[in-house]
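Report on the following structure.
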Amino acid sequence: MNSVFTQVKNALGKPYDDLNYLLDGFAEVLSESGKHELVTYIPWINSHRTPPESILLSNDYIHMQSMCFQLLNLVEVNGAVQSRRAKEEMDMSQVNGLWATNFKMLKEKGFSEKQILEVLPEVMIEPVLTAHPTEAKRSVVLQEYRSLYLLLVKRENQMYTRIEKGEIRNEIKQILHRLWNIGEIYIEKPRIESELDNILHYFTDVLPEVIILLDKRLKQAWNESGFDTKLLNDSDFYPGLSFGNWVGGDRDGHPLVSPEITRMTLMKLRTHAFMIVKKELLSLAQKLSIYLDIQQVTPKFRDRIQQLVDESDRSGESILQEQSSEIFKAYVLLLLNKIPIEHSQEYNLQLEDRENSYQNSDQLINDLNLLHQELENYGIPEVAQVAVGRCKRLLNVFGFHLAQLDIRQNSEYHEKALQQLVKSSMGKQYNLDLTSSLKSKREFLDKELKINRPFLVNHSETGNEARNVVESLQVVSDHIHKYTTRSLGKLIISMTRNAEDLLTVYLFMREAGMTLKYEDQLAAKLPVVPLFETIEDLQSSPKILDDYLSHPVVMNSLRYQRVRDQQKELLQDVMIGYSDSNKDGGILASSWFLHEAQKQLTDIGKKHGVNIRFFHGTGGSISRGAGPSHWFIKTIPHGAINGKLRVTEQGETIERKYAHKVNAAYNLELMLASVTAQTVLHKYQPEENEEVTGLFNQLGIRGREYYRDLINDPDFIHFFAEATPIDVIESSKIGSRPARRTGKRTMEDLRAIPWVFSWAQSRFNITSWYGVGSTLKEMQIQNHADYEKLLKLVKYDPFVRYVMTNLDSSLAATDETIMEKYAALLEDETIRERIMNKIRKELSLTREMLATLLRRPIQERRKNHHFSTILRAEALENLHEAQIQLLKKWRMSRKQQLTNEGEYLFALLQCVNAIANALGSTG
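Going by numbering that gives the first Met the number 0, the sequence shown opens with residue 0, and the numbers climb by one from there.
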């Protein structure tokens, strides 16, 4: 057995015994499938030697390696879950970042349960699921791995006999057989509908049970902390949780997201919300099979039952007659009768227009509140709190909409659309006013926003961009008019450069019937949200937001939305982008200017009497803002959280965090508990003197300069194109959205996801460390006093420590030997050596400086991470070798226009997927 594997098993124990068990089963599956030659090369349990090229470059070998890494991922997730459970068995507060830990910390700081309870109901967390192209595996494959994980957990149970355990093993092998024969990667780009179906799986099959589990854990932690459990009996006092969705609404650079796709998405979300409601009400009805007739309930409850019968067709009378001796059950079935779906396997939304159906989820919640009170009157408050409380909780989270759909588009697209619209309506003079200067455009916008009338009634001749924007918003407008604004999230404007980019959207809303008169001024029905992405835009963002919030129509819209949504204060969302800021300025600049922008934008909000809620556009890698949630939340500047957090969950991150209920509950609890604790601290404790400001401002500026020096090299894009598999990634089918916004082959047009993805695949990872070593060394030499401060701050300051430990993780995944092999793909030796010398030097210096800062090596500080990394590194060597050889052959085949180009590309796409599995991340 391989010595590295033995070393890891001895150090970390059971998870790797489980891996051994699964790999032994996989070896049998391969043998039974006639693939005896592959068994010899199964990583970790068999030979580490490199197979001959005929095997190394084969689809079977790459597929085998990919599956092995996915099995490793499964056992490590399960190992982490079991480790947390073992710690909580002794003391719930031993697991960092969760409710019990945070309650303990707040108590030790002198906060009372009253102070915590004041904050708790004000908390609102909203993960927003996206289909950004970073999930390389097909949804059918993901489902098989979910089933495999459940069997792995089932195997833990000691109650099973030897024979039953043998059957579990057979079931595991059956899944492995299927996984071996199912195509693992997309050979055609997935349709948006299939991406939506994958997202819907999490919303309907995983998250409802997770929410109930989260509430139980909150009460358990509250109790273990010595607080009064009676105070948390009412679910109305629980922290808020909601979900967002971008699939079917994100049209930035995605031409396939048509108005019809958005319409389909909204209806599918609504249908699946009703599926949850129906399931919950049927379950509640069964729980209330209590012998009691209508004469034994209060007059108020009796009257409501009669109203429900009168409002229904004959089915209401039938329900009351059939369930006359179980009046509580009859009541719930009457509520179910008002849900606008057919009571069958098919959910027919045409029944939405029935006269007496529920129009919104609040009406159903009111009826459940009446049931809750009646059950308490009857003497069973526990049943009311648990059974009815569960239904109310899920309705508060999912409503009749399931998840809020955001609509996103690029500012330049809107600019072109407005020019088309105005030209069609008013002629060339107004079009010239729009394009001559920003000042003239603002004057035009200000004038138009005083009037509530559209430019045109018919938009068919306006131009593609104008027609697409208006028709998309008309779909949104129709849905809002028929149902509720709760179905929609925000109108997000990518690459916001000025306030005019945001005000332009108000004209499009006006065009689509999404504006109205409120307090004798124009008001918009949906909030418009800036997305600040590049370093330059982040630096300009306070001025832009100040200008935007100074506009009377904007403030009038915020006042209207506050009253309509029954909010306590004016609320403006601001989205900040981690991916493009990193691509633009490197890790130090991105980290700092994002941090600084939040502070300044919060102050702008206070100036205008508006609470700013930040929407963090994070991805799955360090370069794109990933990191432990509880540590990330601790870095949010003082006053910039206010109980509210919106964050994107992208691509493979969704599967990693939410595929399994216990793990999903853990990740959501991290966010809920950490946001609650930080909000309490921010509310009651004064802002501490931040020594970090001056230090990190300097680090951010210099880090960006060192980073830009590399990527602005005239030959750098050429190096990037040949030394990474970017061309393969751009040819991949892992998402329905194109890799480039407009199809141009420029640095600016390349999306941040494939940029990060390709550097990770070739193990350079420059996006998450380049420029750090030189910046730190410069501070050490030129400003030693500041450097000494940094050495102190890294021990206790959450922001500094978070940035530096994330850097440490990136360096652990960076491999000089592998880098050199990919760089050798570059045909021009002069360019290769010049740029590689820069990268080598900076990597060495960054490792040296970070080791000095963090003092203790990663194997001491993060034992599990260290051993997992070395285990993966050993098996990755052959995969990287296969990818490099295939890249050579594929590129030559393309150059010579040979017929075997497609075969090489398919093998390369499998390689990309396998390496992504191994690294645990794509983009």
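Ideal Cβ placement from N, Cα and C applies to all residues, glycine included. This one's a predicted model, so the numbers in the text were calculated from it and none came from an experiment.
Within 9 Å, strictly: CB atoms of residue i and residue j
i      : j      : result
His458 : Val469 : yes
Glu321 : Tyr290 : no
Ser809 : Ile586 : yes
Cys910 : Leu870 : no
Tyr60  : Leu37  : yes
Asp669 : Gly96  : In the sequence on display, residue 669 carries Leu and not Asp. Closer than 9 Å, so yes.
Gln142 : His200 : yes
Tyr801 : Gly919 : no
Ser471 : Leu265 : no
Tyr144 : Ala720 : no
Ile543 : Thr495 : yes
Pro183 : Ser65  : The residue you asked about is not Pro; residue 183 is Glu in the sequence shown. A contact, by the Cβ cut-off of 9 Å.
Val727 : Val799 : no
Val674 : Pro42  : no
Ala596 : Asp546 : no
Contacting residues, own chain, Cβ-Cβ under 6 Å from residue i (five flanking each side not counted)
i      : result
Gln349 : Note that Gln349 scores a pLDDT of 45, beneath 50, so its modelled location is shaky and nothing firm can be said.
Gln362 : none
Leu420 : Phe454, Thr461, Ala465
Lys328 : Ala284, Leu287, Ser288, Gln322
Host alpha helix (DSSP H) of residue i (start-end)
i      : result
Pro126 : First-last for Pro126: 123 to 129, but that is the beta strand (DSSP E), not the alpha helix (DSSP H).
Ile632 : 628 to 633
Ile54  : 52 to 55
Met104 : 98 to 107
Thr851 : 828 to 853
Gln948 : What the structure shows of the chain is the stretch from 0 to 922, and residue 948 is not part of that stretch, so it cannot be assessed.
Tyr903 : 900 to 918
Met924 : With the chain covering only 0 through 922, there is no way to say anything about residue 924.
Thr337 : Here residue 337 turns out to be Lys, not Thr, going by the sequence shown. Premise fails: Lys337 is in no alpha helix (DSSP H) and is neither H nor E.
Beta-bridge pairing of residue i - partner residues as DSSP gives them
i      : result
Asp249 : Arg407
Ile611 : Gln571
Gly616 : Gly576
Thr514 : Ala523
Phe531 : Ile575
Gly239 : Met123
Glu325 : Leu291
Asn244 : Leu128, Leu404
Host beta strand (DSSP E) of residue i (start-end)
i      : result
Val646 : 643 to 649
Gly699 : First-last for Gly699: 691 to 710, but that is the alpha helix (DSSP H), not the beta strand (DSSP E).
Gly182 : Taken as a continuous stretch (DSSP letters only), Gly182 belongs to no beta strand (DSSP E), as it is neither H nor E.
Ile211 : No beta strand (DSSP E) contains Ile211, which is instead part of the alpha helix (DSSP H) from 206 to 223.
Leu490 : 487 to 493
Spatial neighbours of residue i in its chain, beta-carbon cut-off 7 Å, leaving aside the 5 residues before and after
i      : result
Phe202 : Phe242, His271, Leu401, Ala402
Val456 : none
Gly24  : Arg168, Ile171, Lys172, Leu175
Pro14  : Val74, Glu75, Asn77, Gly78
Tyr769 : Gly585, Tyr706, Leu709, Glu841
Lys153 : Ile167
Ile191 : Val246, Gly247, Leu255, Val256, Ile260, Ser735
Lys277 : Leu335, Ile338, Ile340
Gly388 : Ser234
Nonlocal neighbours in the same chain, by C-beta distance under 8 Å from residue i, ignoring five residues either side
i      : result
Ser314 : Asn336
Leu333 : Ile304, Leu307, Val308, Ser311, Gly315, Ile318, Leu319
Ser30  : Val38
Residue i Cβ short of 8 Å to the ligand FAD heavy atom set
i    : result
Phe4 : What this structure holds is no ligand at all, so the ligand FAD is not there to describe.
Checklist entry - Three or more C-beta pairs closer than 8 Å, one from the region 357 to 374 and one from the region 209 to 221: is that the case here? => result Not touching, per the Cβ criterion.
Checklist entry - Between the region 581 to 591 and the region 701 to 721, do at least 3 Cβ pairs fall closer than 8 Å? => result Taking 8 Å as the limit for Cβ pairs, the verdict is that the region 701 to 721 does touch the region 581 to 591.
Checklist entry - For the 8 Å Cβ check, are there 3 or more pairs between the region 559 to 566 and the region 538 to 551? => result No: fewer than three Cβ pairs fall under 8 Å.
Next on the checklist: Does the region 550 to 562 come into contact with the region 756 to 763, if we say contact requires no fewer than three beta-carbon pairs (one atom in each stretch) closer than 8 Å?
Outcome noted: Contact fails: fewer than three Cβ-Cβ distances are below 8 Å.
Checklist entry - Would you say the region 910 to 921 touches the region 859 to 877, given that touching needs at least three Cβ pairs under 8 Å? => result Flag = yes, the region 910 to 921 and the region 859 to 877 touch.
Checklist entry - Are the region 623 to 639 and the region 598 to 607 touching by the rule of at least three beta carbon pairs closer than 8 Å? => result Judged by Cβ distances under 8 Å, the region 623 to 639 makes contact with the region 598 to 607, as three or more pairs qualify.
Next on the checklist: If contact is defined by three or more beta carbon pairs under 8 Å, each pair taking one atom from either stretch, is the region 824 to 838 in contact with the region 777 to 786?
Outcome noted: No: fewer than three Cβ pairs fall under 8 Å.
Checklist entry - Pairing CB atoms from the region 808 to 828 with CB atoms from the region 879 to 891, are three or more of them under 8 Å? => result Three or more Cβ pairs closer than 8 Å define a contact, and the region 808 to 828 meets that threshold against the region 879 to 891.
Checklist entry - Touching or not, the region 893 to 912 and the region 37 to 50, by the rule of three or more beta carbon pairs under 8 Å? => result The answer is no - the region 37 to 50 does not touch the region 893 to 912, with fewer than three Cβ pairs under 8 Å.
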